[in-house]
Every structure is written in structure tokens, then in C-alpha cells.
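Worksheet: one structure, shown below.
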Amino acid sequence: MVMNAYVIAAARPTGFGMLAFGLLLAAYFGVLTLVSGWKFTVSQFSDFWFYIVPLGAGFALQVALYTRLRQLLHQSKDARTVMAASGTTSTAAMISCCAHYLVNVAPVLGATGLVTVATQYQVEFFWVGLAFNAAGIAYIGNKLWNATKEHAQCAHA
């Protein structure tokens, strides 16, 4: 079986995207389990999966787009910065699920108010994470679109 060039070019970005999705979910499950235990983690995931899965999928798509862009351009500092900021926001939104259980140790850290705010605005953090995901996808997607057009023009010249 002969694979065309497009399938080969898409394999690496797809693989990195899937890896990013898995790592982000692993970070979510790992942190939440360490702080609150497995039962709570499963409960939180079942309550908020409709935020958590899209956050992970959005980050995975950004990684895949960035990887493809990098294949075309070799490096794009702006796209890498947007992806890092969005990934950090996605992770923070996911981890906000368990923030209210940090109250047990927060007095030692002097951060009880921060934990209360994180718990109170948990859903809003998810929406901010999704917005950053959408902005990152749009930004990197636009860069990839332009780079693909320029690359095609160079190939025909």
C-alpha cells in the first residue's frame, strides 16, 4: 500500500495532538487524584466532562496545527507563545475543579481567599479556558492557512 504525501505529512501533527490530549488529561487526573482522591476525581470528571474534554481536544488541535505549521516554516515563535498560553489556561481551568479541596492546606499557605475564588468561579474558568482555546486555534490556524498558501505559491514558481 502506497501512502500519499498528505497522509504522511498529517501523521506527525495528529500524533503530537493525540499525545497532548493524553498528557493534559493525565495532568488533570493526576493532580486531582493527588489532592482529593480517585473517587472525587471520577465524580468531578463525570460532572464536568463536557468542559474538560473540549479543553483537552482544543489544546490537542492547537498542538497539531502548530506541529504542521512548524513543518512548513520550521519555527514560529508567535504561534508557540499562543499555544503555551492557551495550554496553561486549559490546564488551570481543569485543575480549578479540585481547588476547593486545597482549603485543608491553604491556611498554611495563606491562600484561603484564592481557593474560595477558584471554587466560586470554576465554571467561568472553564469558559475562559475554552475562549483561549478558540483564540489559539484561530490564531495558529490563520498562520497555517497563510503559510500553506505561500508554500504552494513557492512550489509552483
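With my numbering, you'll find the sequence shown wraps up at 286, consecutive numbering, no jumps. No residue lacks a Cβ here, since even glycine has one placed at the ideal position from N, Cα and C. If you're wondering where the values come from, they're calculated on a predicted model, not measured in any experiment.
- Cβ atoms of LEU198 and ALA276 come within 8 Å of each other, at about 6 Å.
- DSSP places GLY166 in the coil class of the three-state scheme, outside both helix and strand.
- For TYR195, the three-state secondary structure derived from DSSP is helix.
- Taking C-beta atoms under 8 Å as the contact rule, PHE145 and ALA193 qualify, at a distance of about 6 Å.
- Our two residues, PHE179 and LEU163, have alpha carbons roughly 22 Å apart in a direct line.
- Of all alpha-carbon atoms in TRP274, LYS278, HIS280, ALA281, the one lying nearest the alpha-carbon of TYR195 is that of TRP274.
- Annotated three-state conformation of ASN271 is helix, per DSSP.
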